[in-house]
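So the protein sequences, as listed, match chains A and B.
Residues in the first sequence are numbered consecutively from 0, following numbering that gives the first Met the number 0.
Residues in the second sequence are numbered consecutively from 0, following numbering that gives the first Met the number 0.
Read through the structure below, which is laid out as structure tokens, and then see the notes.
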Amino acid sequence: MTKYQRVFLAVVCAAALLVRPLPMLGHVPYRPEVIFFSPAHPDRPVSSFAAGKVGVVQPSWALGYLVVAYRYFNGQPLSSAEQKSFLAQKELHPGFALEPFERKYEERLGPPQQWVQARAQFLRTKPPTNRYDSDWWKYTDGEGCLAGAFANAIRTLRDRALRFGAHSIELQEWIAGQDQVFLNCPRWWDSAKQEVLPEGLPLSSNPLLRADRAYQIAAAHFYARNFDGALHGFEAIAADQTSPWHELSAYLVARTLIQKGTADETPGVSNAEVLKQAEQRMRAFSIETKDAGLRRSALGLLNLIAIRLRPEAQLRIISSRISHPGTNFGQDVEDFNYLINRKIGPEPDFPGVEDGSVEYDRKLAAWRQERYQALNERVNNNEVADWILTMASWSPWSQQHALARWRSGRNLPWLVAAISKVDGRSSAAIELLEAAAQVQPGSPAYATLALHRGRLLRERQEFEQARRVLDAALEHSQAWPVSAVTLVKGERALVAAGLEEFVGLLGSQPLGFTNGAIDRGESEYCEDTGRDVKCERYIFSGKPAKRLYPQLTFNAAVIINERMPLELLVQAAQSPQLPKNLRLRLAPAVWARSALLERPDLAQTIAPDVVILRPELKPFITAYQQAEGPAERRFLAAFTIAHFPGLRPLVEDGAPRVTRFDYADNYRDNWWCHNAELDEFSWDSSYVERARSVPEPAFLTAEQRDSGRKDHLQLVQIGKPGDFLPAILIDWARRHPNDPRVPESLHFAWRVVRFSCDEPRNRTREIFLLLHSRYPDSPWTRKTRHWY
Amino acid sequence: MQRTGRFASFPPVTLWVWERPDDVRKLDPHRYAVAYLAETIVIRDGVTTTVRREPLLVAPDARLVAVVRIEARPGTADLSDPELPGVIAGMIAAWAHEKGTAAVQVDFDATRSQRLFYARMLGALRNRLPVRLPLSITALASWCAFDDWIASLPVDEAVPMFFRMGPDHPPSRTSGWRYPIREPLCRNTVGLSTDEAWPDLQPGTRLYVFHPRPWNPVALTNLEHSLGL
Chain A
0 MTKYQRVFLA
10 VVCAAALLVR
20 PLPMLGHVPY
30 RPEVIFFSPA
40 HPDRPVSSFA
50 AGKVGVVQPS
60 WALGYLVVAY
70 RYFNGQPLSS
80 AEQKSFLAQK
90 ELHPGFALEP
100 FERKYEERLG
110 PPQQWVQARA
120 QFLRTKPPTN
130 RYDSDWWKYT
140 DGEGCLAGAF
150 ANAIRTLRDR
160 ALRFGAHSIE
170 LQEWIAGQDQ
180 VFLNCPRWWD
190 SAKQEVLPEG
200 LPLSSNPLLR
210 ADRAYQIAAA
220 HFYARNFDGA
230 LHGFEAIAAD
240 QTSPWHELSA
250 YLVARTLIQK
260 GTADETPGVS
270 NAEVLKQAEQ
280 RMRAFSIETK
290 DAGLRRSALG
300 LLNLIAIRLR
310 PEAQLRIISS
320 RISHPGTNFG
330 QDVEDFNYLI
340 NRKIGPEPDF
350 PGVEDGSVEY
360 DRKLAAWRQE
370 RYQALNERVN
380 NNEVADWILT
390 MASWSPWSQQ
400 HALARWRSGR
410 NLPWLVAAIS
420 KVDGRSSAAI
430 ELLEAAAQVQ
440 PGSPAYATLA
450 LHRGRLLRER
460 QEFEQARRVL
470 DAALEHSQAW
480 PVSAVTLVKG
490 ERALVAAGLE
500 EFVGLLGSQP
510 LGFTNGAIDR
520 GESEYCEDTG
530 RDVKCERYIF
540 SGKPAKRLYP
550 QLTFNAAVII
560 NERMPLELLV
570 QAAQSPQLPK
580 NLRLRLAPAV
590 WARSALLERP
600 DLAQTIAPDV
610 VILRPELKPF
620 ITAYQQAEGP
630 AERRFLAAFT
640 IAHFPGLRPL
650 VEDGAPRVTR
660 FDYADNYRDN
670 WWCHNAELDE
680 FSWDSSYVER
690 ARSVPEPAFL
700 TAEQRDSGRK
710 DHLQLVQIGK
720 PGDFLPAILI
730 DWARRHPNDP
740 RVPESLHFAW
750 RVVRFSCDEP
760 RNRTREIFLL
770 LHSRYPDSPW
780 TRKTRHWY
Chain B
0 MQRTGRFASF
10 PPVTLWVWER
20 PDDVRKLDPH
30 RYAVAYLAET
40 IVIRDGVTTT
50 VRREPLLVAP
60 DARLVAVVRI
70 EARPGTADLS
80 DPELPGVIAG
90 MIAAWAHEKG
100 TAAVQVDFDA
110 TRSQRLFYAR
120 MLGALRNRLP
130 VRLPLSITAL
140 ASWCAFDDWI
150 ASLPVDEAVP
160 MFFRMGPDHP
170 PSRTSGWRYP
180 IREPLCRNTV
190 GLSTDEAWPD
200 LQPGTRLYVF
210 HPRPWNPVAL
220 TNLEHSLGL
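Dropping the structure here:
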């Protein structure tokens, strides 16, 4: 290592090699986001999935889950030992996949803290630390020293306390030596740090303590990354048959060689010669040792060395191992994951191509297809690797390949792969539908196949048959993961026979919420003593919180906002099939849409429902209904909507707006955004594409679809509410200066400019001057104290 | 724009280097600084930390900013312990003594109820840092535009994060969009990503740039092209 480099070296174990890079997280307020399913993993906690509740398999799942799904589809369920070992490999599980949504966090002592606790029984003073990091012992996971080091120290401490005596000088000396060893743990990559070594003991001292000290010195070298020093020390101890550490040291010689063989190099490049030596030593040790634990560890490390030295061959070996029941399933899947990812390589940059551009995406897709295909060709004698790479790829090649494999083998994994990739227009659809229909409800692939059967039948416009298939599947869904029910119900909604049936399928059960905790029905976003945050109450669940309320999926919201005509929306909002929490969102939205689209008849139809749900709207809606002509109605529609930032002609997918209906949210979750996209924040650049891909629901007639599109287009043409609403209100003020409602309407026009979603035309000065010149004594003028 | 204060001598562009193996040895240290994710502190009932595990290679005279990310999920993080701000500050301050550290940056998207804790922690941190060492924080864009809570924080800059913004603001898909920065602490820097549209940049603004993959010669060439260098 040169003095010009700061090299943070990966720890030498397969697990650490596979640590996923942490993503740069979004810089967003902690507003709740509803989770119906995760694209990266099965429903949380994934232990149910590992036990065989496969649900609907997703190509986007992390690779380890596809391995498990393959095993179940292939009739080789995981044994309980395999499940345990799969769940124990934390690096295989992204995010919080291992935890349930509602988890009580309990403070657990980490390995260093356990050592401190054990040590405190024999010594009152605290262990020494780096002078800049006095809380190191309290909060770290050991950094450069792995958990086994602390566990070994605790075992030895207790043993020596019995042998030497709890208050003996020997024990104090042993602890002092161990303190020195652990001083090498913190931030161990720092090349400037000096190694800290315990002092050697004279020949006159207790022989056991002297043996311990020799081991402590070698260990200190090891943690300080002085590998030559560590090798020298461990070799000597291994040769000393009288030392209680001689067997462990033989193992540590090989481990030190592994460390040396993977350190001090450009990352990813190993010192092959040293690793070969390590392999020889470790192999010999694994044969000779009688310690079962050390032999297991040695075999694992031999695997790691093989991955480094012979990645191609090892991929073939591991691919074969994970296809069948085995003893080390979790580690094998992790190694498989590592080798596959290493083969595919990191996503590249392209010269002269703007990152994130359409051109970049196009090039990346081509690159990915090429990589997958190339890798697949290299592993195609291996069934599981082939299946996983085919499942995870979206290229046309993968569709053809999956079909070819299905036709040649006709087994369940390839039926799942093929049916997941074809659409209803494909000539293969019929044969796949026939094959999938033979699969019984007890099969782990049943939910996946039912979903795709429904989809294919819908795409073929065989709606009646699709309804039969999906209804039959849902009858068997009691034990399914929640996300599988949501997906199949979502598909069933698309083929609903009529409006009532569709409305009955609108609400989907969330798994939970992220980006903001939900506590007793309320969001953390609301637990605030700040100046201007007031929130809706109990919109996620009732009081006391039990089951989470159903929410709208993206597809459901797009259909409501962009596909259904206003007349049907009125009926939907009044339908007894609609859950109450969704009616609270839909009915006011339908009133606002009716008013904005200048359909007073429909606004009047929905009004009785709206004033029951939102009594605060009653005086505004009454005034609107008493308006004298279209111009005043237009003004009163704008006047009403301007008063209520939560009143919007749209419904949100996922979590509802949290800030109170009549309060302006500081983060601009107010009214709606330009283009009348349901994604009221319009930050999602893929929104338009995603919305376009939402299928048309079967129950809408061609006339209704046309009418729904026109309604949406009209809403789009209204433009930004921050421009539209103030324009109406200011225009009314200029034409009717003596209307007593004008000062109030101008004040709220100011608020719309200030707090609306998009950056609207800034008319605050114009409003301010109008108010202060014409209505200086109005309380609304006094409330409008500035412009910007 | 006149540059003053502790960051006055910093290069015009700082590359964020997240938890990925990165090799940025060839960067011109007069033009680029490197802000690397040094440690992630997770607060729940207790505190756990994870220091950087991925390799980072930098030039000998690179200006290094140690970035410490704090994660405290609402509803599960207990920030009530009065000693906690001091404890966290102590952990972050330790990075000031690492070789090559030219500044410290804290990345914490504090919720409303966590702001008091954050302000106290930053106060304690400032007291623990060497007087001349600059202290930076990342800021939600809305903190710089619609909130005034960061105005009194003892930091040298708050970097408005103009990427992965979520509902904070609808960034345009074409570069040159504008955002109303009102808070003076936010006026000298912006945080950008190579894969999202950039806002209209004022001359003299120092840039922090994130890249969704490890930095590499192609990415740097593309960045220099974007910067007009």
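Beta carbons: idealized from backbone N, C-alpha and C, even for Gly.
query                                                                                                                                                                                         : result
I'd like to confirm the pairing. Which residues does DSSP put opposite A/Cys534 in its beta bridges?                                                                                          : A/Thr658
Do A/Ser507 and A/Thr552 have their beta-carbon atoms positioned less than 9 Å apart in this structure?                                                                                       : yes
Determine the chain C residues that contact B/Phe145 at a beta-carbon separation under 7 Å, and present them in chain order.                                                                  : Going by chain labels, chain C is absent from the structure shown, which instead holds the protein chains A and B.
For a minimum of 4 consecutive residues, which ranges assigned as the alpha helix (DSSP H) are wholly contained in the region 266-339 of chain A?                                             : 271-287, 291-308 and 310-321
Kindly indicate if chain B contains any beta-carbon less than 9 Å away from that of A/Ala783.                                                                                                 : Here the sequence assigns Thr to residue 783 of chain A, which means Ala is not the residue at that position. Not one chain B Cβ lies under 9 Å of A/Thr783.
If A/Leu388 and A/Leu374 are in contact, beta carbons under 8 Å, what's the gap, nearest whole angstrom?                                                                                      : 6 Å
Suppose contacts are defined by Cβ-Cβ distances below 9 Å. Is B/Ala34 in contact with B/Ala140 by that definition?                                                                            : no
What residues of chain A sit near B/Ser135, judged by a beta carbon separation below 8 Å?                                                                                                     : None at all; the shortest Cβ gap to chain A is about 14 Å.
With DSSP collapsed to three states, give me the class of B/Glu182.                                                                                                                           : coil
Evaluate contact between the region 703-718 of chain A and the region 740-753 of chain A, counting only Cβ atoms and requiring at least three cross-stretch pairs below 8 Å.                  : no
Go ahead and pull the three-state DSSP assignment for A/Phe747.                                                                                                                               : helix
Once DSSP output is grouped into helix, strand and coil, what is the label at B/Val57?                                                                                                        : strand
At least one CB of chain B closer than 9 Å to the CB of A/Val352: is that the case?                                                                                                           : yes
Just grab the DSSP bridge partners of A/Pro575 for me.                                                                                                                                        : DSSP output for A/Pro575 lists no bridge partner at all.
Contact between the region 495-504 of chain A and the region 691-702 of chain A: three or more CB pairs below 8 Å?                                                                            : yes
For chain A, is any of its Cβ atoms less than 9 Å away from the one on B/Met120?                                                                                                              : no
How would you call A/Gly511, buried or exposed, if buried means at least 16 neighbouring beta carbons within 10 angstroms?                                                                    : buried
Verify whether the separation of the beta carbon atoms of B/Glu156 and B/Pro129 is less than 9 Å.                                                                                             : no
Determine the direct distance from the alpha carbon of A/Asn410 to that of A/Arg295, and round the result to whole angstroms.                                                                 : 35 Å
Tell me whether A/Leu207 sits in a helix, a strand or coil according to DSSP, three-state version.                                                                                            : helix
Does the CB of B/Pro11 have a neighbour CB from chain A at under 9 Å?                                                                                                                         : no
Under 6 Å Cβ to Cβ from A/Leu577, same chain only, skipping five residues before and after it: list those, please.                                                                            : Val502
For A/Asp334, which residues in the same chain have their Cβ closer than 7 Å to its Cβ, ignoring the five residues on either side in sequence?                                                : Ala13, Asn302, Ile306 and Ile317
Which residues of the region 192-204 of chain B have a Cβ closer than 7 Å to any Cβ of chain A? Give them in chain order.                                                                     : Thr193, Asp194 and Glu195
Identify, in the order they occur along the chain, each residue of the same chain with its Cβ nearer than 7 Å to the Cβ of B/Pro153, setting aside the five sequence neighbours on each side. : Leu121, Gly122 and Arg125
How long is the line joining the alpha carbons of B/Val105 and B/Cys185, rounded to whole angstroms?                                                                                          : 14 Å
Pick out the complete alpha helix (DSSP H) segments inside the region 38-117 of chain B, 4 residues or longer, and give them in chain order.                                                  : 83-92
By DSSP, does A/Pro742 sit in helix, in strand, or in coil?                                                                                                                                   : helix
Pull out every residue of the region 44-55 of chain B whose Cβ sits closer than 9 Å to any Cβ of chain A, in chain order.                                                                     : Asp44, Gly45, Val46, Thr47, Thr48, Thr49, Val50, Arg51, Arg52, Glu53, Pro54 and Leu55
Can you pull the chain A neighbours of B/Thr220, defined as C-beta to C-beta under 7 Å?                                                                                                       : Pro350
Give the straight-line distance between the Cα atoms of A/Trp136 and A/Cys184, rounded to the nearest whole angstrom.                                                                         : 10 Å
Which term fits A/Asn560, buried or exposed, when burial requires 16 or more other beta carbons within 10 angstroms of its beta carbon?                                                       : buried
What does A/Pro345 reach in chain B if we use C-beta pairs closer than 7 Å?                                                                                                                   : Arg212 and Pro213
Pairs of beta-carbons, one from the region 196-216 of chain A and one from the region 232-243 of chain A, closer than 8 Å: are there three or more?                                           : yes
Looking at C-alpha atoms only, which residue of A/Leu455, A/Pro443 and A/Val569 is the closest neighbour of A/Ala428?                                                                         : A/Leu455
Measure the alpha-carbon distance for B/Asp167 versus B/Leu206 and round it to whole angstroms.                                                                                               : Note that B/Asp167 scores a pLDDT of 47, beneath 50, so its modelled location is shaky; the value from the coordinates is reported in the next line. Rounded to the nearest angstrom, the two C-alpha atoms are 20 Å apart.
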